[in-house]
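Here the sequence shown is numbered in the working numbering, starting from 40 and rising by one per residue.
Note that beta-carbon positions come from the ideal geometry of N, C-alpha and C, so glycine has one too.
See below for the structure under consideration.
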Amino acid sequence: MYLNIIGKRISVIMIKVFLLGDSIVTAYGKDSENFIGGWGDHLGSFFDDKFVSVISCAEGGESSRSFLNDGRFIDNGLFTKEMFPQGVGPCYELIREGDFVFIQFCHNDDDSARHEKRELRHTPLGTPDSNGIYPTVLPIGNTPYSFECGATYKGYLKFYIDKIRKRGAAPVLLTPPPRGVFKDGKIASVPGNHGGTDEFGEYAYIRAIRQVGETEDVTVLELFERSKNYINSIGEENFKYLQSLKDGSGNTIGESRYGRPKAWPQDYNEIMQSGEFGEIDNTHQNRFGSFVYAGFIAEEIREKIPTLAKFLLEESSKNVPPPEGFRL
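Next up, the structure:
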């Protein structure tokens, strides 16, 4: 890209923002073909696209450990380029000096409730010390890394941070939004919701992310705190209109990449009004919910990352309407 200043053509380097993460982060595609959404679908719309390009390398079902094992960060030959979101392939070799890499892993790392996928993707926190500080143990050697390999959640996050800095780029951590588990009308810290509560406080994995940010001097964008406060303010009834829908077999309704396209918001409104669906998905956002969360991230960037903040628009270049049932 070039800018013309007083008759001179000056080269301007495009800043790339790479997204690493899971189904909450990934880009699913067009609003016209999907109910489900990740904030990676929308974050780019908050930037001046002449200066900043947002590239999603995130994929559903991944944890900080499985993302490495599957070769989605550093290529290990398991996937072809076409099998990655946006067809970009493993992102590590694409990262350049001056880029940013946003990292959000947690939902699939959490080992505090269901354990049937422990070996596949869960990541242990380890035992905290007397001050509530969780251990940072990095993975050693080559993939695949097993659950019992000794590495911890904080160790995997540090692995990404160290590698990204070697490329001359800036790592950024994000705390993820909570699952929609309520108690007395408020989001609850329970097993399976980012680690639940231990003797040192609520949401153990969220606290671990913040610890890494502090010790490694990495910016932490607080999507968790903003989204939790927002959900608590709008209430449990409105929360469901931020979320995706599942059919009676547990499949996501309105996910085009699996051959189930639906248009937002008209098809969503029709299905919600008819009640012809299995359940509200308390984990994955719909197009509107993911758009709201992308806006929260933009607000965090405006406050915490000046280099990117100067390229933020006053408001998003797109509009994602809320469902008909959403009331404030």
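For residue i, is the classification buried or exposed, using 16 other Cβ atoms within 10 angstroms of its Cβ as the cut-off for buried?
i      : result
Thr346 : exposed
Gln305 : exposed
Pro203 : A quick correction: the sequence has Ile, not Pro, at residue 203. It counts as buried.
Lys205 : exposed
Met311 : buried
Ile200 : buried
Ile52  : exposed
Thr162 : buried
Ser71  : exposed
Leu42  : A caution first: Leu42 carries a pLDDT of 48, below 50, which makes its placement in the model unreliable, though a value can still be read off. Exposed, since its Cβ has fewer than 16 Cβ neighbours within 10 Å.
Leu164 : buried
In the structure shown, what three-state DSSP assignment does residue i receive?
i      : result
Val331 : helix
Pro210 : strand
Gly194 : helix
Val254 : Contrary to the premise, residue 254 reads as Thr rather than Val in this sequence. In the structure shown, Thr254 sits in a helix (DSSP, three-state: H, G or I).
Thr346 : helix
Ser31  : The structure shown has nothing for residue 31, since the chain only spans 40 to 367.
Ile54  : strand
Ile142 : strand
Ile200 : helix
Asn325 : strand
Leu367 : coil
Leu82  : helix
Ile75  : strand
Leu177 : coil
Leu133 : helix
Assuming residue i contacts residue j under a Cβ cut-off of 8 angstroms, what Cβ separation, rounded to an integer in Å, is found between them?
i      : j      : result
Ile94  : Val127 : 6 angstroms
Leu212 : Ile142 : 5 angstroms
Phe144 : Cys96  : So it is not a contact: roughly 12 angstroms between Cβ atoms.
Leu82  : Ala333 : 5 angstroms
Quick check on the DSSP output: the beta strand (DSSP E) that includes residue i runs from which residue to which?
i     : result
Ser92 : 91-95
Which first and last residues belong to the alpha helix (DSSP H) in which residue i is found?
i      : result
Asn115 : Per DSSP, Asn115 belongs to no alpha helix (DSSP H) and is neither H nor E.
Leu159 : No alpha helix (DSSP H) contains Leu159, which DSSP labels as neither H nor E.
Ser105 : 105-108
With 8 angstroms set as the bound, which would you pick, yes or no: does the beta-carbon of residue i sit closer than that to a beta-carbon of chain C?
i      : result
Glu241 : The question asks about chain C, but that chain is absent: this structure has only one protein chain.
Which runs of the alpha helix (DSSP H), 4 residues or longer, sit entirely within the segment 291-320? 305-313
Whole alpha helix (DSSP H) runs in the segment 221-294 with 4 or more residues, listed along the chain? 243-254, 262-273, 275-278
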